[in-house]
Amino acid sequence: MRQSFLVPLVVVALKFTHAASTPYEDKVVSGHVSVGVGSPPTMYTLLLDTGTSNTWIGANTPYVPTAASQKTVDSVSVSYGAGDFSGTEYTDTVTLGSGVAILRQSIGVATKSTGFADVDGVLGLGPVGLTVGTLSPDSSSLIPTITDNLFSKGTIEAHQIGIGRNSITFGGIDASEIVGAVEYVSITTTSPASMHWGIDTSFVYGDDMAILALTAGIVDHGTTLLLLATDAFQKFQSATGGVPDAATRLLKITADQYASLKPLNFNVHGNTFTLTPNALIWPREHNKAIGGDPGGIYLVVSDIGNPSGQGLDFIIGYRVLQRFYTVFDTANSRVGFAKTKYTDSTEN
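Anchor point for the sequence shown: position 330 equals 330 in UniProt numbering, and the numbering is continuous, going up by one each time.
Given below as structure tokens:
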């Protein structure tokens, strides 16, 4: 596991008066954020996750209590798509970078965890409602997120976060990362996507091949791939000619198929966002990280495991989101997308 390091908080040219940006490291399958806990802080490497809302530590680096630490009466547990943790809920000082400290932030301290070999825990930046049911005996209680507490204490002016290629902006938008305007769409009313950063959108392959009609899904930095409902995924597989690869569990295509690969478009409130053919493939320089062949071409679109119509028919995950700037706006119950200099990149 890599060593954590303390990175100074960066204040950038932001849309709002009180906002700050802290960096994260792109680890290809996910983003890793260096966060301090305690006073003085011990640094932990946390998974950037907008699909869940509990922040916790202790998967690898042990928790170091300080005078700021306060154990609560509650145990805490969360199950993820691939992994879980259980432990005790504490309140403590949480430091983002070296300049912003959140006093009495509620965090989980793991006594048991699975599926988190490369990180110390999770930085949960999803809607606060997802924390209901994670505590015991206070199972009906909400656990205010880091964003909630920054806003309630007046540290940030806007109750939102913006996430770019390598940084998280609490309370604003980093205009330097955006090309054009941020386009917003309201949180879907369809359950269970409505509990998350869920939106309604559709997916079209090429100019006119409907892959998935207008439906609900979620935007989640904690998921690596773009996941589509099984019937939509099968349409995509047929259109691209991709063949399931046993080693990576991704669709693999030939060089000729890549040359004829078409864009995949999704719509945000009447605005089309395009995943270019290059954006649809796994970064080839990192094929080894997923067990792939050095020269192989693998698609970042996979099967969610359920047919459409379940109320959560897609997950727009990390590899796709690295191409865009995303805004998670709690105050206005909406998600925003903007193009960046990476949207049309041929880096993969």
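Cβ coordinates follow ideal geometry from the N, Cα and C atoms, glycine included.
With a beta-carbon spacing of about 5 Å, valine 185 and isoleucine 199 fall inside the 8 Å limit used to define contacts. Arginine 104 and leucine 123 have their C-alpha atoms roughly 16 Å apart. For serine 53, the number of other beta carbons within 10 angstroms of its own is at least 16, and it is reported as buried. Assigned with DSSP and collapsed to three states, histidine 32 falls in strand.
Annotation for glycine 242: Leu251, Lys252, Ile253, Leu299 place their beta carbon closer than 7 Å to its own, counting only its chain and skipping 5 residues before and after. Lysine 153 sits in coil when the DSSP states are folded into three classes, being neither helix nor strand. Note: isoleucine 316 is bridge-paired with Val219 in the DSSP secondary-structure output. In terms of Cβ geometry, valine 327 and valine 182 form a close pair [threshold 8 Å]. Counting every other CB atom within 10 Å of its CB across the protein chains shown gives lysine 339 a total of 16 or more, marking it as buried. Using a Cβ distance threshold of 8 Å, glycine 87 and alanine 68 do not count as a contacting pair.
Residue pairing from DSSP places glutamine 70 in a beta bridge opposite Thr91. At a cut-off of 3 residues, the continuous stretches assigned as beta strand (DSSP E) that sit fully inside the stretch 35-63 are 42-49.
Comparing alpha-carbon positions, the option among Thr276, Val301, Asn265 lying closest to serine 238 turns out to be Val301.
Nearest C-alpha to valine 78 among Ile187, Leu135, Ala331, Leu227: Leu135.
Apart from the 5 residues on each side of it in sequence, asparagine 348 sits with its Cβ closer than 8 Å to the Cβ of Asn278, Ala279, Ile281, Trp282, Pro283, Arg284 in its chain, given in chain order. Counting along the chain, threonine 230 sits inside the alpha helix (DSSP H) bounded by residues 230-240. Look at glutamine 257 here: in three-state DSSP terms it is helix.
Its Cα nearest to that of serine 75, the residue Val109 stands out among Val109, Ile304, Thr240, Ala117.
The C-beta of arginine 323 has 16 or more other C-beta atoms within 10 Å across all chains shown, which makes the residue buried.
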